[in-house]
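Taking UniProt numbering, the leading residue of the sequence shown gets 293, the next gets one more, and so forth.
Virtual Cβ for every residue (Gly too), placed ideally from N, Cα, C.
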Amino acid sequence: LMQISIPLNFIGFIYREIRQGLADIEEMFALLRVPAEITNRENAPNLKVENAAIRFENVTFHYDANRPILKGIDFEVPAGQTIAIVGPSGAGKSTISRLLFRFYDVTGGRVTIDGQDVRDVTQKSVRDVIGMVPQDTVLFNESIAYNIRYGRVNASEEELSEAARMAQIHDFISTLPEGYDTQVGERGLKLSGGEKQRVAIARTILKAPPILILDEATSALDTHTEQEIQSALDQVSRNRTTLVIAHRLSTVVNAHQIIVLEGGLIAERGTHSELLARQGLYASMWDRQREANEAEERLRAVREAD
Ligand code: ATP
């Protein structure tokens, strides 16, 4: 009995380790939605980033050949500026961020970073310069410190807490009995959507990438959380070339440029005030959202009064 119990324990240990590893890898793939067909060109050089300016030139894209998603998209984001992409659900907003990150290759036109077509350089070198704050961050079944350090594994304690402070999550972590050592994820502490997003922001601050993609959560956050996240995002995107996939229009007000996507084309573009003045699609989206927000606030007030 003794003889057999040791190997069994050991197998159990290995099994758990592997299972954990697989779970994380699956989560990563689900998160990244990595298609198999993207490959490096032979002898592809690494991307060389100087200013991190982004251009989409007449970009077309489809997932399925019989259903075009993007039908000719042109825009540029000068170094250090913020562009926001808005539009109805399913318009292709997240698809644009996936093309920039090169999860997929364009089916026409091109995407460049500092003049280099992302298809001509190594995938890894593209992804290394982009920080991604996804809609729904999947956390590893590890400590909160591990999850933030994932942005840069050799970051010091000070850098870690500084990043957490900037992401407005440090104070929350400090209230936990085990602080930064608290286990999170499936088998640990469950964090709210807003908390998870702030962990992702802290991770991105540590990575300090020249380009940032922010895919806002669709789920409604309360006004206070939303403001905290907004100020965290403002911190990270300062002086970085930033692409915001915006679901809540309140976050696009300060973008240098807003693009309104509809039916695979850019329907309108301009700053917030320019677009309001146009009284077009953006203006009507803005009105509708303001009404929805007001209704939600009234509902909250009623609930809180109960
Ligand atoms: P939302 O605001 O709802 O997040 P979105 O504007 O970001 O929407 P995308 O996620 O870019 O929209 O999707 C654009 C269209 O492409 C949608 O109709 C979607 O169903 C389709 N689509 C997205 N991903 C895939 C995929 N992997 N395979 C096939 N079709 C897809």
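Point to revise | Start and end residues, beta strand (DSSP E) containing ASP420 | key: Indexing the sequence shown from 1 puts residue 420 at position 128. Careful: ASP420 lies outside any beta strand (DSSP E), inside the alpha helix (DSSP H) at 415-420.
**Study point:** Secondary structure, alpha helix (DSSP H): runs of 4+ residues fully inside the stretch 340-411
**Key:** Runs of the alpha helix (DSSP H) lying entirely within the stretch 340-411 and spanning at least 4 residues, in chain order: 385-392.
Exercise for review: Pull up the CB-CB distance for ALA459 and ARG490, whole angstroms please, since I reckon it's below 8 Å.
Suggested key: As a first step, residue 459 is located in the sequence shown; it is residue number 167 there, counting from the start. As a first step, residue 490 is located in the sequence shown; it is residue number 198 there, counting from the start. At roughly 5 Å, the Cβ-Cβ gap stays under 8 Å, so ALA459 and ARG490 are in contact.
Check your understanding: Would DSSP call ALA559 helix, strand or coil?
Key -> Taking the first residue of the sequence shown as position 1, residue 559 is located at position 267. Shown here, ALA559 sits in a strand according to DSSP, grouped into three states.
Exercise for review: Can you tell me which of ALA593, ALA456, PHE367, THR399 puts its alpha carbon nearest to the alpha carbon of ASN358?
Suggested key: As a working note, residue 358 is residue 66 in the sequence shown. Comparing Cα-Cα distances from ASN358 to each of ALA593, ALA456, PHE367, THR399, the minimum goes to THR399.
Point to revise | Counted within 10 angstroms of its Cβ, other Cβ atoms place ALA328 as buried (16 or more) or exposed | key: On the sequence shown, residue 328 is found 36 positions in, with the first residue counted as 1. Summary for ALA328: the model assigns pLDDT 49, below 50, so the residue's position carries little reliability; its value from the coordinates is reported in the next sentence. If you draw a 10 Å sphere on the C-beta of ALA328, you find fewer than 16 other C-beta atoms in it, and that means exposed.
Exercise for review: List the endpoints of the continuous alpha helix (DSSP H) containing VAL552.
Suggested key: Counting from one through the sequence shown, the residue named residue 552 turns up at place 260. Premise fails: VAL552 lies in the beta strand (DSSP E), 549-554, not in any alpha helix (DSSP H).
Practice item. May I ask which residues mark the beginning and end of the alpha helix (DSSP H) holding THR517? Key: Along the sequence shown, one-based indexing puts residue 517 at 225. 515-529 is the span of the alpha helix (DSSP H), which, as asked, contains THR517.
Check your understanding: Taking just the CA atoms, how far does ASN439 sit from ALA455?
Key -> If you number the sequence shown from 1, residue 455 lands on position 163. If you number the sequence shown from 1, residue 439 lands on position 147. The straight-line gap from Cα to Cα measures roughly 12 Å.
Review point. What residue from GLU520, GLY555, ARG333, TYR574 has the CA that sits closest to VAL545's CA?
Key: Against the sequence shown, residue 545 aligns to sequence position 253. Of GLU520, GLY555, ARG333, TYR574, the residue nearest in Cα terms is TYR574.
Review point. How big is the Cα-Cα spacing for GLU586 and THR515?
Key: What you label residue 586 is simply residue 294 of the sequence shown in a count that begins at 1. What you label residue 515 is simply residue 223 of the sequence shown in a count that begins at 1. Answer to the nearest angstrom: the Cα atoms are 11 Å apart.
**Study point:** THR543 (DSSP reduced to helix, strand or coil)
**Key:** The sequence position of residue 543 within the sequence shown is 251, counting from 1. The DSSP-derived three-state label of THR543 is helix.
Review point. Can you tell which of ILE550, LEU392, VAL410 has the C-alpha that lies nearest to the C-alpha of ASN332?
Key: On the sequence shown, position 40 is the one that residue 332 refers to. Ranked by Cα distance from ASN332, the first of ILE550, LEU392, VAL410 is VAL410.
Point to revise | Euclidean distance between Cα positions of LYS416 and SER386 | key: Sequence index remark: in the sequence shown, residue 416 carries index 124 (1-based). Sequence index remark: in the sequence shown, residue 386 carries index 94 (1-based). Distance between the alpha carbons of LYS416 and SER386: 20 Å.
Exercise for review: On the DSSP bridge assignment, give the partners of SER435 in chain order.
Suggested key: Here the question's residue 435 lines up with position 143 in the sequence shown. Looking at the DSSP assignment, SER435 forms a beta bridge with GLN475.
Practice item. May I ask which residues mark the beginning and end of the alpha helix (DSSP H) holding VAL594? Key: Stepping through the sequence shown from its first residue, residue 594 is reached at position 302. Per DSSP, VAL594 belongs to the alpha helix (DSSP H) from 573-597.
Review point. At what residues does the beta strand (DSSP E) containing ILE537 begin and finish?
Key: The sequence position of residue 537 within the sequence shown is 245, counting from 1. Note, ILE537: beta strand (DSSP E), 533-537.
Exercise for review: Using alpha carbons as the reference points, say which of ILE330, THR429, ALA524 lies closest to LYS482.
Suggested key: On the sequence shown, residue 482 is found 190 positions in, with the first residue counted as 1. Comparing Cα positions, the closest option is THR429.
Review point. With distances taken from each beta carbon to the nearest heavy atom of the ligand ATP, which residues come in below 5 Å, in chain order?
Key: Spelled out in chain order, the answer is TYR355, ILE361, SER381, GLY382, ALA383, GLY384, LYS385, SER386, THR387.
Exercise for review: List the residues that DSSP assigns as beta-bridge partners of SER505.
Suggested key: Here the question's residue 505 lines up with position 213 in the sequence shown. The question names Ser, but residue 505 in the sequence shown is Ile. Partner(s): MET424, LEU535.
Check your understanding: Per DSSP, what kind of secondary structure is GLU318 in: helix, strand or coil?
Key -> On the sequence shown, position 26 is the one that residue 318 refers to. Bear in mind that the predicted position of GLU318 carries a pLDDT of just 48, short of 50, making it unreliable; the figure below should be weighed with that in mind. In the structure shown, GLU318 falls within a helical segment according to DSSP collapsed to helix, strand and coil.
Review point. Hey, out of ILE551, GLN408, LEU391, HIS462, whose CA is closest to GLY471's CA?
Key: Position 179 of the sequence shown, counting from 1, holds the residue named residue 471. The shortest C-alpha separation from GLY471 is found at HIS462.
**Study point:** chain C contact for LEU468 (CB, 7 Å cutoff)
**Key:** Of the protein chains in the structure, only one exists, and it is not chain C.
Review point. Can you tell which of PRO380, VAL413, ILE330 has the C-alpha that lies nearest to the C-alpha of ILE551?
Key: Numbered from 1 along the sequence shown, position 259 holds the residue referred to as residue 551. That would be PRO380, whose Cα lies nearest to the Cα of ILE551.
Check your understanding: Taking C-beta to C-beta, are GLY384 and LEU553 nearer than 7 Å?
Key -> The residue you call residue 384 lines up with position 92 of the sequence shown. The residue you call residue 553 lines up with position 261 of the sequence shown. For GLY384 and LEU553, yes; Cβs fall inside 7 Å.
Point to revise | Neighbourhood of ASN338 by C-beta, 7 Å cutoff - its chain only, sequence neighbours within 5 removed | key: Residue 338 sits at position 46 when you count from the first residue of the sequence shown. If we look at ASN338 and ignore the five residues flanking it on each side, its Cβ neighbours are VAL413, THR414, SER417.
Check your understanding: From VAL403 to ALA569, what distance separates their C-alpha atoms?
Key -> Position 111 of the sequence shown, counted from the first residue, corresponds to residue 403. Position 277 of the sequence shown, counted from the first residue, corresponds to residue 569. If you take the alpha carbons of VAL403 and ALA569, they lie about 31 Å apart.
Exercise for review: Return yes when the Cβ of ALA376 is within less than 7 Å of the Cβ of ILE503, no when it is not.
Suggested key: Taking the first residue of the sequence shown as 1, we reach residue 503 at position 211. Taking the first residue of the sequence shown as 1, we reach residue 376 at position 84. Here ILE503 is not near ALA376, since their CB atoms are 7 Å or more apart.
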